[in-house]
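Number of protein chains: 2
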Amino acid sequence: MLSKAQIKYIQSLHQKKFRLEAKVFLAEGPKIAAEVLDRAPGRVRLVAALPAWITANASLLERVPAGRVSAVSEAELERISALVTPNEVLLVLEEKEDAWSLPPGSWCLALDAIQDPGNLGTIIRIADWFGVGYLLCSPTCAEWYNPKVIQATMGSFLRVHHAYTDLAAGIASSGRPVYAATLEGEPVTRLTRQPPGYILIGNESKGISPALRALATREVTIPRAGEAESLNAAIATGIILSHLVQPA
Amino acid sequence: MLSKAQIKYIQSLHQKKFRLEAKVFLAEGPKIAAEVLDRAPGRVRLVAALPAWITANASLLERVPAGRVSAVSEAELERISALVTPNEVLLVLEEKEDAWSLPPGSWCLALDAIQDPGNLGTIIRIADWFGVGYLLCSPTCAEWYNPKVIQATMGSFLRVHHAYTDLAAGIASSGRPVYAATLEGEPVTRLTRQPPGYILIGNESKGISPALRALATREVTIPRAGEAESLNAAIATGIILSHLVQPA
C-alpha cells in the first residue's frame with residue numbers, strides 16, 4: 329500500500345516540471361520492469377506492483393532494497409499510472425548522468441526537433457536494434473523521460489546513450505561524415521555500409537533546419553515509387569539505418 | 329449547423345458496428361479532406377467544417393452537392409469528432425466496393441493479424457510510398473475504416489486496394505513468390521529488387537501463424553546488431569519494402 333504522499337508524488341511525475349526537479353521518471357509494464365530490474369536495479373527508487381506480479385518476480389525483486397517495493401491494488405495502480413491501460417507494475421527510476429563522447433568508428437543519430445514522444449521512443453528502439461548506441465537530441469525534441477517515450481522504447485532507453493545539445497555545435501567540428509535525411513538526396517538504397525558518422529533526422533513536418541543541413545557531407549533520400557507525400561520520421565529512420573548502418 | 333439526428337448519426341460512426349451497417353466511415357483534418365475532395369468527391373456524404381475552412385476551400389467544395397456541406401462551431405465539431413484534438417473538418421465517406429485481382433508483376437502486402445490501428449494505417453501509408461498498391465488483411469486485422477487507421481494513412485487509404493480474406497487460401501494457389509518476415513530468415517539487406525510477389529507480415533507479438541508461414545518460398549529477416557528484442561511491425565514493413573521492392 330502507498331501513502332497519500334507517495335501517490336501524490338508519483339502523480340506529480342506525470343509532469344515534466346516535477347520530473348526535472350526530482351531527477352526521477354516512471355517506467356511501466358512487466359517487460360520494461362523485468363529489464364530494468366535485471367540491468368539497472370540500482371536506479372530503482374520504488375516498485376509499485378500488483379501482489380501477483382510481486383510473487384511471480386520475487387527473484388528479480390531481491391536486487392531492490394525491501395523498503396522500496398509496495399504491493400498495490402488495481403485501483404491504486406490506476407491512480408498512479410501514466411498509461412491509458414495500467415499494466416501490473418510501475419517503477420520510479422533515477423535519471424543517470426550520461427557523460428560520453430562519441431568513440432571513433434561509431435554511428436550517432438542526431439534528431440532535430442522530433443516532437444512526438446511515440447516517434448522519439450520508437451527511434452530509440454530502432455537505434456538499439458541496429459546497434460547505434462549514441463543519440464543526440466536538439467533541445468526542441470520531446471523529453472527523453474516522458475512516460476510515452478519510455479514506453480515506446482520497450483526498454484531500449486537503458487542501452488542508448490543520449491544528450492540534449494545544440495546539434496550544429498556538436499557536429500560541426502567533428503570531422504566525421506554527416507548524412508542528412510532529406511527529400512532531395514542520393515537514393516539511400518544505393519548507399520550500403522557507409523563510413524560511420526552522424527545521421528541527421530529532421531522534424532516531422534519541417535525537416536532539418538537550414539543551418540544544420542548546411543553541415544551535411546551527404547544528403548540521402550528514400551526513393552519513392554508511389555504517391556504518399558511523406559513517411560513517418562521513425563519509419564524513415566528505420567529504413568535509413570537499415571541501408572547505411574546494416575550489419576554484415 | 330447540424331441537426332440533433334445528424335450529430336447522433338455521426339457519433340454512431342465512431343463504432344464499428346454502425347460503420348458496417350451504414351457502409352460509411354469518417355475521415356478528419358484538412359490534409360485528408362483536401363485529398364478526398366480532390367480525388368474522390370463522389371464518395372462524400374457529408375462535410376462538417378468550421379466556417380473559416382469552408383471559406384478557404386470553396387473551390388474544392390464545388391465538387392460536392394451543396395446540401396452535403398455544413399458549417400459547424402468548434403463545440404459541435406468536438407461533439408462529432410473521433411479525434412482527441414478535432415481538426416477543422418470532418419467528412420462522412422462512402423465505403424467503396426473494391427473488387428480486384430492481383431495483376432501480374434505486382435507486389436502485394438499480406439498482413440496476418442495486425443491489430444493496432446495505428447500500425448495498420450502506417451503500413452498503408454508505407455505501401456503507398458513504395459508503390460505497393462495491393463494489400464490483403466486477415467479477418468483478425470484491425471478494421472480498415474477505423475478512424476485511427478484512416479488518420480494514420482494520411483490519405484493513402486484512397487490509393488491502396490485492399491481485401492479482408494483468409495490469407496492462406498488467397499496465397500496458396502497463386503504460384504508467385506511468397507516472402508515471409510520472420511526472425512530466422514535470410515538477411516533482407518542482401519535481397520535487393522526481388523521478383524514481385526506476396527510479402528507476409530505477422531502479428532505484433534505472435535508473428536506469422538504456422539499455417540501461413542508454411543507457404544513462404546523465402547523467409548527474410550532484418551539483421552540485428554544491437555539488443556532490442558524486436559522492431560515495431562510498421563517499422564519492419566518499411567525496412568523490408570525498402571530492400572525487396574526498392575525502386576531503381
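Note that the protein sequences, when read in sequence, are chains X and A. Residues 329 to 576, numbered by the working numbering, are exactly what the first sequence covers, in order. Residues 329 to 576, numbered by the working numbering, are exactly what the second sequence covers, in order. Positions of the beta carbon are idealized from the N, C-alpha and C atoms, including for glycine.
Supposed close pair residue i, residue j - CB separation, criterion 8 Å
i: L405 of chain A; j: L378 of chain A; result: 7 Å
i: V488 of chain X; j: G449 of chain X; result: Actually they do not touch by this definition, with Cβ atoms about 11 Å apart.
Spatial distance of residue i from residue j (CA atoms)
i: W381 of chain X; j: P432 of chain A; result: 53 Å
i: T481 of chain A; j: L463 of chain A; result: 13 Å
i: V460 of chain X; j: E363 of chain A; result: 38 Å
i: P515 of chain A; j: T549 of chain A; result: 5 Å
i: H490 of chain X; j: S466 of chain X; result: 11 Å
i: F485 of chain X; j: I567 of chain X; result: 20 Å
i: L389 of chain X; j: I338 of chain X; result: 20 Å
i: R546 of chain X; j: S558 of chain A; result: 30 Å
i: N415 of chain A; j: L511 of chain X; result: 27 Å
i: C469 of chain X; j: L439 of chain X; result: 7 Å
i: R391 of chain A; j: A368 of chain A; result: 9 Å
i: V397 of chain X; j: K332 of chain X; result: 16 Å
i: I408 of chain A; j: E356 of chain X; result: 33 Å
i: T520 of chain X; j: W472 of chain X; result: 30 Å
i: G503 of chain X; j: L569 of chain X; result: 21 Å
i: K359 of chain A; j: T493 of chain A; result: 30 Å
i: L365 of chain A; j: P393 of chain A; result: 12 Å
i: K344 of chain X; j: A350 of chain X; result: 10 Å
i: N385 of chain X; j: E402 of chain A; result: 49 Å
i: T565 of chain X; j: L348 of chain A; result: 36 Å
i: S387 of chain A; j: H571 of chain A; result: 41 Å
i: A553 of chain A; j: T383 of chain A; result: 53 Å
i: G483 of chain X; j: Y526 of chain X; result: 23 Å
i: A361 of chain A; j: V412 of chain X; result: 29 Å
i: K534 of chain A; j: G395 of chain A; result: 48 Å
i: N513 of chain A; j: G513 of chain X; result: The residue you asked about is not Asn; residue 513 of chain A is Gly in the sequence shown. Looking at the two C-alpha atoms, the distance is approximately 31 Å.
i: Q334 of chain A; j: Q334 of chain X; result: 47 Å
Same chain only: Cβ atoms within 7 Å of residue i, ignoring 5 sequence neighbours per side
i: A561 of chain X; result: I442, N447, I529, E532
i: P551 of chain A; result: P515, T517
i: P524 of chain A; result: G433, S434, W435
i: V352 of chain X; result: L341, R373, V420, L421, E422, E423
i: F346 of chain A; result: S340
Beta-carbon proximity check, residue i vs residue j, cutoff 8 Å
i: P475 of chain A; j: A410 of chain A; result: yes
i: P505 of chain X; j: Q479 of chain X; result: no
i: D444 of chain X; j: E555 of chain A; result: no
i: R371 of chain X; j: K424 of chain X; result: yes
i: F596 of chain A; j: V573 of chain A; result: Residue 596 of chain A lies beyond the residue range present for chain A, which begins at 329 and ends at 576; the question has no answer from this structure.
i: R541 of chain A; j: A508 of chain A; result: yes
i: I536 of chain X; j: I563 of chain A; result: no
i: V400 of chain X; j: L354 of chain X; result: no
i: I451 of chain X; j: L437 of chain X; result: yes
i: A539 of chain A; j: A496 of chain A; result: yes
CB contact check: residue i to chain C, cutoff 8 Å
i: W428 of chain A; result: The structure shown contains no chain C; its protein chains are X and A.
6 Å Cβ shell around residue i - same chain, five flanking residues per side excluded
i: G498 of chain X; result: L464
What residue ranges within the stretch 395 to 449 of chain X form continuous beta strand (DSSP E) runs of no fewer than 3 residues, ordered along the chain?
397 to 399, 417 to 422, 436 to 439
Unbroken alpha helix (DSSP H) runs of length 4 or more, entirely within the stretch 500 to 547 of chain X: which are they?
538 to 541
If we require 3 or more residues per run, which beta strand (DSSP E) segments fall completely within the stretch 336 to 360 of chain X?
352 to 356
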